[in-house]
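Chemist: Before I ask anything, let me first share the structure, which is written out below as structure tokens.
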Amino acid sequence: MKLKVIFSLFIILAGLNLNAQYTETINSNRPGQSQGAFAVGTNVVQLESGAYFGGDEHAGFRTTTDIWGIDYQLKYGLFFESLEVSLTGAFESQNMTSAFLGSTGETTIANFKSNTIGAKYLIFDPYKTLEEKKPNLYSYYANQKFDWKKLIPAVSIYAGANFAFGDNPYLYRGERKFSPKAAIITQNNWGRWVLVINLIGDKLSEDYPAYTGIVTLTHAVTPNFAVFGEYQGIKNDIYADDIVRAGGAYLVGKNLQFDLSGLLNFKDTPSRWQVAAGISYRLDLHSFDEFLEESNEGNKRRQRSEKLSREKKNKEENENGGF
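Take a look at the structure:
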């Protein structure tokens, strides 16, 4: 009986939002820390990874910490277009030098700072659900009015599990090695501008849960180059912070992206800075294209796909001398 109920719920969820997440080019979360609302698409495997280094300086404890690390995210579009599963984590090394009453000390730790396996599901897509605004043939002023529906974002939910193994120095005293993580994700696409908001609850079963809000604004300067700015606020009884990031990404072909970024914060307990460089690669096993039928976004995607097909065909004909 329980299996039948679970299977029925699965079928219902699959039918709620079978519109297209797949895009002609890679859609990476890097170099920001937020994740977008849309999935990578069925049978698409995507790896996003990078290296970073920086420093923390704590005015109260009089410590200076040199940091380097590698972060990674492996994503896969599972079963249908709206569902994505992922593994996200980071390995980090910290070398801390302390100075107190004329004496100095040095401590080094290195381990996996985080590992989370989770799933993201798109529950609302305005490009599919809402009707496109049609021109008013009788009123110029009606056509100039702002379309408030453009402010309605796509919405996804995320659920995951943090895990750690062995004697991990990044765990707080008494912290369990397994804990839940959840997030609400929104995304607005306004032409070349994309606004993403993440509201995250992390380590919710622990004595010191963390609540994080991330706002990321991205602008496509050209079809291959984009810049971004990001704010991240962290609320936690042990560590709270306000962080800003900025950087850019460059697209090479349809499945490869490189990025550079940096971060700063606004306090001295500790003050933080970091620079990072990364790469995103997509293994595209998507067997067919699905479009957002009867929607403006779907029409645009269909037109782009048809244009690419025509250009490819014309190129092949020219190379073959018209035969």
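Under mature numbering (1 follows the signal peptide of the UniProt record, and there is no 0), residues -20 to -1, 1 to 303 are what the sequence shown spells out, in order. Think of the CB as a built atom: it goes at the ideal place given N, C-alpha and C, for glycine as much as any other residue.
1) For THR3, which of ASP239, THR84, ASP46, GLY57 has the nearest alpha-carbon?
2) Round the Cβ separation of ASN216 and ALA256 to the nearest angstrom and send it over; I've been treating them as touching at under 8 Å.
3) Quick one, which of LEU63, GLY40, LEU27 has its alpha-carbon nearest PRO250's?
4) Under DSSP, the beta strand (DSSP E) around residue 390 begins and ends at which residues?
5) Relative to the C-alpha of SER62, which candidate in TYR230, VAL24, PRO203, ASN298 has its C-alpha closest?
6) When we look at the beta-carbon of GLY12 and count the other beta-carbons within 10 Å, is it buried (16 or more) or exposed?
7) Closest to GLY181 by CA distance: which of ASN169, ILE194, LYS108 is it?
8) By a C-beta neighbour count over all protein chains shown, 10 Å radius and 16 as the cutoff for buried, is THR202 buried or exposed?
9) If I measure Cβ to Cβ from SER73 and keep anything under 8 Å in the same chain, skipping five residues before and after, which residues do I get?
10) Could you spell out where the beta strand (DSSP E) holding TYR138 opens and where it closes?
11) In this structure, how does DSSP classify TYR152 when only helix, strand and coil are distinguished?
12) What is the rounded straight-line gap between the Cα of ALA162 and the Cα of ASN294?
13) Beta carbon of TYR138, beta carbon of LYS100: below 9 Å?
Modeler: The answer reads as follows:
1) GLY57
2) Not a contact, Cβ separation roughly 22 Å.
3) GLY40
4) In this structure the chain extends from -20 to 303, so residue 390 is not present and cannot be described.
5) VAL24
6) buried
7) ILE194
8) exposed
9) ILE47, TRP48, GLY49, THR88, ILE89, ALA90
10) 134 to 143
11) coil
12) 48 Å
13) yes
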